[in-house]
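For reference, the structure is listed below as structure tokens.
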Amino acid sequence: MPEDHVGTVPLRISINGQTHDLQVAPWTTLLDLLRERLRLTGTKKGCDHGQCGACTVLVDGRRIDSCLMLAAMAEGREITTIEGLRANGALHPVQQAFIDHDAFQCGYCTPGQIVSSVGLMNEHRAPTRSDVRELMSGNLCRCGAYSNIVDAVMEVIERKGRP
Amino acid sequence: MNPFQYVRAHDIAEAIHAAAGDGAKFIAGGTNLIDLMKENVEHPTKLVDITHLPLDRIEATAGGGLRIGALVRNSDAAYDERIASRYPLLASAILAGASAQLRNAATTGGNLLQRTRCCYFYDTATPCNKRSPGSGCGAIGGFNRMHAILGVSEHCIATHPSDMCVALAALDAQVHVSGPDGERVIPFHEFHRLPGDTPQIDTSLRPGELITAVELPAEAFTQHYTYLKIRDRLSYAFALVSVAVALRIDGGRVAEARLALGGVAHKPWRDHTVEELLVGQAPVEPIFARAADAVLRGAKGQGHNDFKIGLARRAIVRALKQAAADTPQSQSEKRVA
């Protein structure tokens, strides 16, 4: 039988390694669930239309725009947000590289840029600067920090590639 | 977004049953539908979540082709080894579209059902025959730089936004659908339609029908192909004009030609008479220029988009040259090949 929900939808979802059992309205986006319900405000709302990438999160390790995903459709998935990248008290290498390369100015797009970079590395499709520029084009930076963002991403990719 | 009922379906029959009746829509990737719901352009009363249906595989067909399940994500299709190696035109077109995040979410079936990005369609304060039949067309006489130059009607000059569909049109794909009256197969060129006097109808799908797969025929055009996309910026923008070319060249002559255009019409634009003109000819620029003129013989600008006619002519010639020379357009290194 189909699961038919007129009111709220039961949702079991893992966010940054922690399981949540929730009831959500069907029209709640994953972005709004993260920010408004769970107070994980590191994921930003930029355009809210899938054009800017500020809301990028990983769903089962793959980067998507959380503003265009209904929370109810994330049932059983593992979500990673910017808050979940830190491990054992240390910044994720991409976070550290963004600091080292001054890869931001105002910082609003930065969580999305960093999570998208981690998603890019999970995909193993970007060996060159051209590839990084192309495959990061879903993350806009209105301050124009692009060249330093590419530097930061390339540093981590090249370091990972070394034996 | 308006309130709606959410139904999670587990098999095709369940999904089709749940979607019966007015106001219901299927949802998979959601990258277009959710956006249109936020804009109050679409306001379904029920969404049927089909992401749990077993339609996420790419399989070989008995005829030597490939069957791409409707739920295969755009990125998974583009990077699938069989598609990337045997159907590079399709892989290239997919990678020319959207962003990595959107390709990770968007599905094969959903890509076919994208709605136009016409700004008047999106702006509910303006007339639009596609959004609100009979209200008029804001683009005719309005800001129409992005609009169609071929196959338009007095009711609508919107374009179809997909890149993937331009390649699928060139490859003679087939669309498998399942609905209340059973299953059927729709040739790709019959799937999307021209606006005519019913621009609110984008496709030949019947009410309640669900796309289950897209099938690629055995003929793949692995050697001579290109997907050339011309846009306002080098990445993550809709096409002003795009051209998919697939050629078979035998003994210095074109043995078979496929040519499809994006960004210029209400559907991926193919012109079989022009393709036939190319057959038997040498793959050289004067022949390509004649073909481009023939494709555009009925083209009509609306003012702001007049430049598209000349742009399309040059893009067609360049794409034919790229395909003939085995130098397909790279989708990451954007230098002119």
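Sequences listed follow chains A and B, in order.
For the first sequence, the numbering used here gives the first residue as 1, with consecutive numbering after it.
For the second sequence, the numbering used here gives the first residue as 1, with consecutive numbering after it.
All residues carry an ideal CB built from backbone N, CA and C; glycine is no exception.
* **Member of A:T81, A:P93 and A:D21 whose CA lies at the smallest distance from the CA of T56 (chain A)** => Counted from its first residue, the first sequence places residue 56 (chain A) at position 56. The shortest Cα separation from T56 (chain A) among A:T81, A:P93 and A:D21 belongs to A:T81.
* Asked: Quick one: Cα of L278 (chain B) to Cα of G50 (chain A), how far?
  -> As a working mapping, residue 278 (chain B) is identified with position 278 in the second sequence. As a working mapping, residue 50 (chain A) is identified with position 50 in the first sequence. Whole-angstrom Cα-Cα distance: 41 Å.
* **V243 (chain B) vs L216 (chain B) beta-carbon contact at 7 Å** => Translated into positions along the second sequence, residue 243 (chain B) becomes position 243. Translated into positions along the second sequence, residue 216 (chain B) becomes position 216. Result no, Cβ atoms of V243 (chain B) and L216 (chain B) do not sit closer than 7 Å.
* Under the three-state DSSP convention, the category F221 (chain B) falls into -> Numbered from its first residue, the second sequence carries residue 221 (chain B) at position 221. Correct three-state label for F221 (chain B): coil.
* Asked: Taking 6 Å as the cut-off, is the CB of A71 (chain A) close to at least one heavy atom of the ligand HEM?
  -> Looking for the ligand HEM in the displayed structure turns up nothing, as the structure carries no ligands at all.
* Asked: Q18 (chain A): buried (16+ other C-beta within 10 angstroms of its C-beta) or exposed?
  -> The residue you call residue 18 (chain A) lines up with position 18 of the first sequence. Exposed, since its Cβ has fewer than 16 Cβ neighbours within 10 Å.
* Under 6 Å Cβ to Cβ from K334 (chain B), same chain only, skipping five residues before and after it: list those, please. => Taking the first residue of the second sequence as 1, we reach residue 334 (chain B) at position 334. Excluding sequence neighbours, K334 (chain B) sits near L234.
* Just to confirm, are A105 (chain B) and I94 (chain B) a CB contact at a threshold of 7 Å? -> Here residue 105 (chain B) is taken as the residue at index 105 of the second sequence, counted from 1. Here residue 94 (chain B) is taken as the residue at index 94 of the second sequence, counted from 1. Contact flag unset, no.
* Asked: How close, in whole Å, do the beta carbons of P70 (chain B) and G109 (chain B) come, if the pair is a contact with beta carbons under 8 Å?
  -> To locate residue 70 (chain B), count along the second sequence from 1; it is residue 70. To locate residue 109 (chain B), count along the second sequence from 1; it is residue 109. Per the sequence presented here, residue 70 (chain B) reads as Ala, with Pro not at that position. With a Cβ gap of about 3 Å, A70 (chain B) and G109 (chain B) count as contacting.
* Asked: Do Y146 (chain A) and K44 (chain A) have their C-beta atoms closer together than 7 Å?
  -> On the first sequence, residue 146 (chain A) is found 146 positions in, with the first residue counted as 1. On the first sequence, residue 44 (chain A) is found 44 positions in, with the first residue counted as 1. No, these two residues do not count as a Cβ contact at 7 Å.
* Cβ-based burial, F221 (chain B) [other Cβ within 10 Å; buried from 16] -> Mapped onto the second sequence, residue 221 (chain B) falls at position 221. Flag for F221 (chain B) reads buried.
* Asked: DSSP on F26 (chain B), reduced to helix/strand/coil?
  -> Along the second sequence, read from residue 1 onward, the residue named residue 26 (chain B) stands at position 26. F26 (chain B) falls in the strand class under three-state DSSP.
* Asked: Just the Cα atoms here: how many angstroms apart are A143 (chain A) and A103 (chain A)?
  -> Within the first sequence, residue 143 (chain A) is the residue found at index 143, counting from 1. Within the first sequence, residue 103 (chain A) is the residue found at index 103, counting from 1. The residue you asked about is not Ala; residue 143 (chain A) is Cys in the sequence shown. If I take the Cα positions, the gap works out to 10 Å.
* Examine chain A for any beta-carbon lying closer than 7 Å to the beta-carbon of E101 (chain B), and answer yes or no. => Stepping through the second sequence from its first residue, residue 101 (chain B) is reached at position 101. According to the sequence displayed, residue 101 (chain B) carries Gln and not Glu. For Q101 (chain B), the answer is yes, since a Cβ of chain A falls inside 7 Å of its Cβ.
* Asked: So with Cβ pairs under 7 Å, would you call M1 (chain B) a contact of chain A?
  -> Taking the first residue of the second sequence as position 1, residue 1 (chain B) is located at position 1. Chain A contact via Cβ: present.
* What residues of chain A sit near Y6 (chain B), judged by a beta carbon separation below 7 Å? -> Against the second sequence, residue 6 (chain B) aligns to sequence position 6. Ordered by position in chain A, the residues that pass the 7 Å Cβ test against Y6 (chain B) are H5, V9, P26 and A72.
* Do the region 152-171 of chain B and the region 120-135 of chain B touch if we need at least three Cβ pairs shorter than 8 Å? -> yes
* Which whole-angstrom value describes the C-beta separation of E3 (chain A) and V7 (chain B), a residue pair presumed to lie in contact below a C-beta threshold of 8 Å? -> Within the first sequence, numbered from 1, the residue matching residue 3 (chain A) stands at position 3. Within the second sequence, numbered from 1, the residue matching residue 7 (chain B) stands at position 7. Confirmed, about 7 Å.
* In this structure, does DSSP put T45 (chain B) in helix, strand or coil? -> Position 45 of the second sequence, counted from the start, is the residue given in the question as residue 45 (chain B). If DSSP states are grouped into helix, strand and coil, T45 (chain B) belongs with coil.
* To do: Note down, one range per segment and in chain order, each alpha helix (DSSP H) of at least 4 residues found wholly within the region 74-156 of chain B.
  => 74-79, 81-86, 88-95, 100-105, 108-112 and 119-122
* To do: Indicate whether at least one CB of chain B lies closer than 7 Å to the CB of H124 (chain A).
  => In the first sequence, counting from the first residue as 1, residue 124 (chain A) sits at position 124. No - not a single Cβ of chain B is within 7 Å of the one on H124 (chain A).
* DSSP three-state call for E215 (chain B): helix, strand or coil? -> Indexing the second sequence from 1 puts residue 215 (chain B) at position 215. Here E215 (chain B) sits in strand by DSSP.
* **Proximity test, Cβ basis, 7 Å: I149 (chain A) and chain B** => Within the first sequence, residue 149 (chain A) is the residue found at index 149, counting from 1. So no, I149 (chain A) is outside the interface.
* **Spatially closest choice to L102 (chain B) from A:T110, A:S116, A:R125 and A:P111, by CA coordinates** => For the purposes of this step, residue 102 (chain B) is taken as residue 102 along the second sequence, with counting starting at 1. Ranking the options by Cα distance to L102 (chain B), first place goes to A:S116.
* Asked: For E209 (chain B) and chain A, any beta-carbon pair shorter than 7 Å?
  -> The residue given as residue 209 (chain B) occupies position 209 in the second sequence. Not closer than 7 Å to any Cβ of chain A, the Cβ of E209 (chain B) fails to qualify, so no.
* To do: Output the distance between the C-alpha atoms of K300 (chain B) and I149 (chain B), rounded to the nearest integer angstrom.
  => The count along the second sequence starts at 1 and reaches residue 300 (chain B) at position 300. The count along the second sequence starts at 1 and reaches residue 149 (chain B) at position 149. Computed Cα separation, rounded: 5 Å.
* **Any chain B beta carbon closer than 7 Å to D131 (chain A)** => Along the first sequence, read from residue 1 onward, the residue named residue 131 (chain A) stands at position 131. Output row for D131 (chain A): interface = yes.
* **Proximal residues to R318 (chain B) (C-beta, below 7 Å), its chain only, five neighbours per side dropped** => Taking the second sequence and counting its residues from 1, one reaches residue 318 (chain B) at position 318. Closer than 7 Å at the Cβ level, and outside the excluded window around R318 (chain B), lie L228.
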